[in-house]
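Heads up: the sequence shown begins at 6 in our numbering, then just goes up one per residue.
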Amino acid sequence: MAPPSALPSERFGPALVSRHRRGKHAETFSIERVGSRIRLRGELRTRDADAIWRALDRATAIRDGELTFDLSGVRLLDGGVMTLLTRVRGDLAARNVKSTLEGGDERVIEIVRLYEEPVLPTRAERPRGPRGFVVDIGRTTETVLGELKSAGTFVGSLSAEALTSLRRPWSVNWREVAPLSERMGADAVPIILLINFMVGIITALNSVSQLRMYGANIFVADIVSLGMTRELAPLITAIVVCGRSGAAIAAELGSMRVSEELDALQVMGLSPVRYLVFPRLMALVIVVPMLTIASAAVGIVGGALVAKAQLDVGYASFVHEMQTIAKPWDMVSGLIKSVAYALTIGIIACQQGFAASGGASGVGRRATSTVVATLFALMILNSGFTWIFRSMD
6 MAPPSALPSE RFGPALVSRH RRGKHAETFS IERVGSRIRL RGELRTRDAD
56 AIWRALDRAT AIRDGELTFD LSGVRLLDGG VMTLLTRVRG DLAARNVKST
106 LEGGDERVIE IVRLYEEPVL PTRAERPRGP RGFVVDIGRT TETVLGELKS
156 AGTFVGSLSA EALTSLRRPW SVNWREVAPL SERMGADAVP IILLINFMVG
206 IITALNSVSQ LRMYGANIFV ADIVSLGMTR ELAPLITAIV VCGRSGAAIA
256 AELGSMRVSE ELDALQVMGL SPVRYLVFPR LMALVIVVPM LTIASAAVGI
306 VGGALVAKAQ LDVGYASFVH EMQTIAKPWD MVSGLIKSVA YALTIGIIAC
356 QQGFAASGGA SGVGRRATST VVATLFALMI LNSGFTWIFR SMD
């Protein structure tokens, strides 16, 4: 069978038409641009990729503005052509042309969703010099604002679902709370306690020389006990949970998003928020404060060992000084922080997972974004809580 041949491009007013035939009669596909709309029709197969590429290259020969790819007339679209179309959209983005995909039957929409991912220009095609720097800042700002908008929308839907759950508590998947608590909490105990034990030792060791210089050896108990209960135990525990459980939640929900399991839940009449998000939030709120208490305890034990070995402070003296300086509010403030940290980790992880697209690579990007965004949020929260609690002293 002869390869497809492209008929000469023709202009009919604003329209640019490229028609491609197989043999003498049957039309395989056509690509037509009318204004800012590119209409694709027929069967788009990988075997015709060369002709499709040339036709799209002519149809997208613009700079700045917007283009819409109309897929409503497409009878067949395979993965090879979808990859090509994604590359064309990337080239358009490099030329500051915004592009969108519209229309298509269920099979076309399914493959579009499978390949859908943020369309970014190739790095080499970005403008260089001062203009390129300004463009990068603008794109980054647009991305950040888009993420903030997405997060705000997710929090809004979360609040609405929470009100519904108060009226119908049986609609929440409570059975998952216990297994999730075990996975996020009990399984994380060894690594979290070990890290906080070492943090207590390091905190005490860093204060040895200064305390010995002024003969204030006993105050090592003050430094370790206040530091662990107020700041270090809640924060270090949250950071470990973020890296361990936050990324796992985002990856799990992201995989469900790209495989359309979340859509299946909605078709079955189940709310993804009540069925998936609330159990994970509840599990985190339960286990993170408990891990914080245990972390503070082992951190203080580590500090006491250093006080005994390096400063000749006995265990009884260490405990007595700690009871003198540390108040119940110090531990309560740490627990308040831990609850806020747990909610932050869960909300960001679930939001990033729900926003995943583009297959395995998209899920990986969302898992990475979860850790980065959560760490930044934890630092902001910690600064705010510290300022508020210190003003209350």
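Think of the CB as a built atom: it goes at the ideal place given N, C-alpha and C, for glycine as much as any other residue. A quick note: this is a predicted structure, and the numbers were derived from the prediction, not measured.
Three-way DSSP call (helix, strand, coil) for residue i in this model
i: residue 117; result: helix
i: residue 46; result: strand
i: residue 276; result: coil
i: residue 384; result: helix
i: residue 154; result: helix
i: residue 173; result: coil
i: residue 317; result: coil
i: residue 178; result: coil
i: residue 362; result: coil
i: residue 309; result: helix
i: residue 378; result: helix
i: residue 221; result: coil
Bounding residues of the alpha helix (DSSP H) (the contiguous stretch that carries residue i)
i: residue 212; result: 194 to 218
i: residue 234; result: Note, residue 234: premise wrong, no alpha helix (DSSP H); not H, not E.
i: residue 422; result: The shown model of the chain, from 6 to 398, leaves out residue 422, and the question about it has no answer.
i: residue 259; result: 252 to 263
i: residue 341; result: 333 to 359
i: residue 186; result: 182 to 189
Closest by C-alpha distance to residue i, when choosing among the options
i: residue 243; options: 216, 376, 104 and 101; result: 376
i: residue 192; options: 230, 167, 249 and 175; result: 249
i: residue 174; options: 276, 294 and 38; result: 276
i: residue 199; options: 218, 238 and 55; result: 238
i: residue 47; options: 62, 89, 39 and 110; result: 110
i: residue 118; options: 88, 138 and 53; result: 88
i: residue 326; options: 308, 337, 339 and 338; result: 308
i: residue 168; options: 189, 279, 64 and 142; result: 279
i: residue 188; options: 393, 246, 230 and 263; result: 246
i: residue 274; options: 157, 177, 75 and 288; result: 177
i: residue 164; options: 38, 348 and 253; result: 348
i: residue 286; options: 391, 233 and 179; result: 179
i: residue 91; options: 145, 363, 393 and 396; result: 363
i: residue 154; options: 231, 289, 360 and 38; result: 360
i: residue 78; options: 43, 98 and 97; result: 43
i: residue 208; options: 226, 146, 390 and 384; result: 226
i: residue 283; options: 159, 116, 63 and 370; result: 159
i: residue 151; options: 356, 386 and 381; result: 356
Residue i: first and last residue of the uninterrupted beta strand (DSSP E) it sits in
i: residue 33; result: 32 to 39
Worksheet item: Taking the runs of the alpha helix (DSSP H) that are 4 residues or longer, which of them lie wholly in the region 51 to 115?
Response: Within the region 51 to 115, the complete alpha helix (DSSP H) runs of at least 4 residues fall at 54 to 64 and 84 to 99.
inquiry  = Below 8 Å, how does it come out for the region 340 to 359 and the region 320 to 332: are there three or more Cβ pairs, yes or no?
reply    = Short answer: they don't touch.
| query | For the 8 Å Cβ check, are there 3 or more pairs between the region 49 to 60 and the region 76 to 85? | reply | A contact exists between the region 49 to 60 and the region 76 to 85.
- prompt: Are there three or more Cβ pairs, one per stretch, closer than 8 Å when the region 220 to 231 is compared with the region 177 to 184?
  reply: Contact between the region 220 to 231 and the region 177 to 184 is not established, with fewer than three Cβ pairs separated by less than 8 Å.
For the region 290 to 308 against the region 251 to 266, are there 3 or more C-beta pairs whose distance is under 8 Å? Taking a cut-off of 8 Å for Cβ pairs, the region 290 to 308 and the region 251 to 266 do not touch, as fewer than three such pairs fall below it.
Cβ pair count under 8 Å reaching 3, the region 97 to 110 against the region 69 to 76:
Output reads yes: the region 69 to 76 touches the region 97 to 110.
Does the contact criterion of 3 or more C-beta pairs under 8 Å hold for the region 302 to 313 versus the region 260 to 267?
Touching, no.
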